[in-house]
Amino acid sequence: MFSYVFGSASTYFYPPIEEDEDLFDDDFIPPNTRHISWVSDATDTADSSPPSPSPAAGPSKPRERPPSVHAKTRAVINDILAQDDCYAVLGISRSSQIDKLTLRRAYLARSRACHPDKFPDNPEATRAFQKVSVAYDILSKPSSKRMYDSRSTQAPFDFFASRSFQAEETFRGVVIGVINDMLDGDLEMVRTLLFAVNNMNPSLQLGEEGINSVLMTIEAIRTRALTCRTCLFALHHQVSRLLEVQRAFRQLSYFDLRQRSYLSIQLARLAISMPIALEEALRQQRMEDEAESEASDNEESKDQTQLLNRRVYTLLRGVVSVLERMEGLVKK
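The opening position of the sequence shown corresponds to residue 1 in UniProt numbering, with each subsequent residue numbered one higher.
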């Protein structure tokens, strides 16, 4: 039944590598990431979460964050602002060699707590976001990292003196970089799993044409993210999940086929969920814009898709639902 899945699990991923153990919890691989939400960081540690209200049901009031989440977020921002070392700002250990994946994970994890779009009226969050971006820029380039490592550790490092940087461009580069790596390295695995889904669920009527439509839609999100700030922000959460799944996969033994299959399915689901996340983010943005301009509110407008046509949107949601069921079966 899962021959495609087990075959792809040992074919399309990279061999295990040694990575920083402190950035993420090893046991955390969320099985249900259908909706993108910046409402609470508590969702990052939950095994599952109820689906967000459908946009067709009309705009809803933002959920308030629990006090503990507020305190946790403030603590992260305060910690970033209190540090004067690039490694400490990113929350990683000082090392002569840091791989790209570790730096990206650290950057996305820290920027998730302080991105200006998440806290539009908080200057401290904006300053922390800029500081995280400077630290990433320095440590991600071998030449600047060597210069930084060779400096005296006695004098505090000034993150803002005589530096011309664009924090949003750094953010865009990291998110797009993760998407590019996924498209270059994992898209064939996604194709294989889609054929498995098609064979196991004839009622879905996916077919080769549908599979190609799904893959083309995934590839199209890169172009959309390059030109759309709302899309880029929505993908932040999703690409963080992708990196966590890849890290967990690389730590597995080659003989642990069940867990490798489980993570393969999860990575495919996350990739296929990206266009859905963008669609919902754009739809929500449109509804907010209409509310601000006091536009007429009718059912046809609410049901209108922004990025995907209705058939592809329905197809993607169906595939994600099937992959979720497959995850549950493989995990048991």
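From the three backbone atoms N, C-alpha and C, an ideal C-beta is built for every residue, glycine too.
Query: Length of the line joining the Cα atoms of N140 and M147; Result: This sequence places Ser at residue 140; Asn is not what is there. Going from the Cα of S140 to the Cα of M147 covers about 12 Å.
Query: Residues of its chain near R222, where Cβ-Cβ distance is below 8 Å and the 5 sequence neighbours each way are ignored; Result: I176, I179, N180 and L183
Query: Whole-angstrom C-beta distance between I272 and L316, which should lie under 8 Å; Result: 6 Å
Query: Beta-carbon proximity list for V322, same chain, < 8 Å, skipping 5 on both sides; Result: V197, M200, N201 and L204
Query: Candidates D121, L267 and Q166, of which the one nearest V134 by Cα; Result: Q166
Query: Close Cβ partners of T230 (< 7 Å) along its chain, the five nearest in sequence each way excluded; Result: A281, L282 and Q285
Query: Coil, strand or helix - P275 by DSSP; Result: helix
Query: Distance between beta carbons of S264 and L193, contact taken as under 8 Å; Result: 7 Å
Query: Continuous alpha helix (DSSP H) stretch holding Q130: start and end; Result: P123 to S140
Query: Three-way DSSP call (helix, strand, coil) for H115 in this model; Result: coil
Query: Among D85, T73 and A125, the one whose alpha carbon lies nearest that of F159; Result: D85
Query: DSSP state of S95 mapped onto helix, strand, coil; Result: coil
Query: Pick from T227, L226, L235 and R269 that is closest to V245, judged by C-alpha positions; Result: R269
Query: Cβ pair C262, V330 closer than 8 Å; Result: The sequence as given places Tyr at residue 262; Cys does not occur at that position. Yes, Cβ-Cβ distance for Y262 and V330 is below 8 Å.
Query: Option in A220, L252 and R74 with minimal Cα separation from R112; Result: R74
Query: Residue burial classification, S240 (beta-carbon count within 10 angstroms, cutoff 16); Result: buried
Query: S279 burial status per 10 Å Cβ neighbour count (16 or more: buried); Result: At residue 279 the sequence reads Glu, which differs from the Ser that was named. E279 should be labelled buried.
Query: First through last residue of the alpha helix (DSSP H) which encompasses L242; Result: R229 to R250
Query: Residues near G318 by beta carbon distance below 7 Å, same chain, minus five either side; Result: L204
Query: For T102, the three-state DSSP class (helix, strand or coil); Result: helix
Query: Rounded straight-line distance, which links the Cα of L108 to that of E124; Result: 18 Å
Query: Cβ shell of F157 (< 8 Å), same chain only, five flanking positions each side left out; Result: D84, D85, C86, Y148 and R151
Query: A196 - DSSP class collapsed to helix/strand/coil; Result: helix
Query: CB of R110 within 8 Å of CB of L90, strictly; Result: yes
Query: Three-state secondary structure assigned by DSSP to Y254; Result: coil
Query: For L323, the first and last residue of its enclosing alpha helix (DSSP H); Result: R310 to K331
Query: Nearest-angstrom Cα separation, counted from V190 out to K145; Result: 36 Å
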